[in-house]
Amino acid sequence: MISAYESEVRILQGQKIALREKVQNFGQPLGTFDETYRTALEFIANPYNLWISDLFEDKRKVLKLVFEERLRYTRNVGLRTPALSLPFCLIGQLKGSDYDLVELRGIEPLTS
């Protein structure tokens with residue numbers, strides 16, 4: 003009985019040390035702003051790079067980052083049209099719209 007209590011105390015002390023380390027690092031950024039920003043833009047530029055990973059967790063992250071909510075499935079119909087997250091909605095709006103571009107000669111009046 004005493005050995006069971008002692009082993010339980012060792013386990014709890016290990017958990018206590020792990021929690022103390024987490025508390026010390028709580029609120030500290032995992033990386034610099036530049037690193038985080040670059041990582042986010044690389045993902046938005048091509049989410050397929052993360053999707054082709056062998057890790058199931060990476061595929062789950064892609065689904066959570068690309069779609070606003072869980073994918074819906076209806077029997078006899080299949081997958082419903084998903085709502086995209088804000089960054090991908092904005093990219094879609096930019097891609098499909100026609101903008102008036104500056105002509106090759108520029109916007110200043112021609113001079114002789």
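Residue numbers (my numbering): 3 to 114.
The beta-carbon is built from N, C-alpha and C at its ideal position, and this holds for glycine as well.
- Whether L67 touches L73 by CB criterion (8 Å): Translated into the one-based positions of the sequence shown, residue 67 becomes position 65. Translated into the one-based positions of the sequence shown, residue 73 becomes position 71. Judged by their CB atoms, L67 and L73 are not nearer to each other than the 8 Å cut-off.
- N-terminal and C-terminal residue of the alpha helix (DSSP H) that N51 is part of: In the sequence shown, counting from the first residue as 1, residue 51 sits at position 49. Here the alpha helix (DSSP H) through N51 covers 50-53.
- Item | Check whether F58 and S87 have beta carbons under 8 Å apart | For this step, residue 58 is matched to residue 56 along the sequence shown. For this step, residue 87 is matched to residue 85 along the sequence shown. No, they are not a contact pair.
- Task: Since I believe V64 is in contact with P49 (beta carbons under 8 Å), could you give me their beta-carbon distance rounded to a whole number of angstroms?
- Result: If you number the sequence shown from 1, residue 49 lands on position 47. If you number the sequence shown from 1, residue 64 lands on position 62. Sure, about 5 Å apart at Cβ, within 8 Å.
- Task: May I have the straight-line CA-CA distance separating G130 from S9, to the nearest angstrom?
- Result: The question about residue 130 has no answer, for the chain in this structure spans 3 to 114.
- Proximity to I46 [Cα-Cα], best of T113, Q17, G94: The residue you call residue 46 lines up with position 44 of the sequence shown. By alpha-carbon distance to I46, the top candidate from T113, Q17, G94 is G94.
- Sort out for me which residues DSSP pairs F1 with in a bridge. Since the first residue shown for the chain is 3 and the last is 114, residue 1 is missing from the structure and cannot be characterised.
- Unbroken alpha helix (DSSP H) run spanning T41, endpoints: Walking along the sequence shown from the start, residue 41 turns up at place 39. That run of the alpha helix (DSSP H) goes 35-47.
- Query: Distance, Cα to Cα, A20 vs I13?
  - Reply: Indexing the sequence shown from 1 puts residue 20 at position 18. Indexing the sequence shown from 1 puts residue 13 at position 11. C-alpha of A20 to C-alpha of I13: approximately 11 Å in a straight line.
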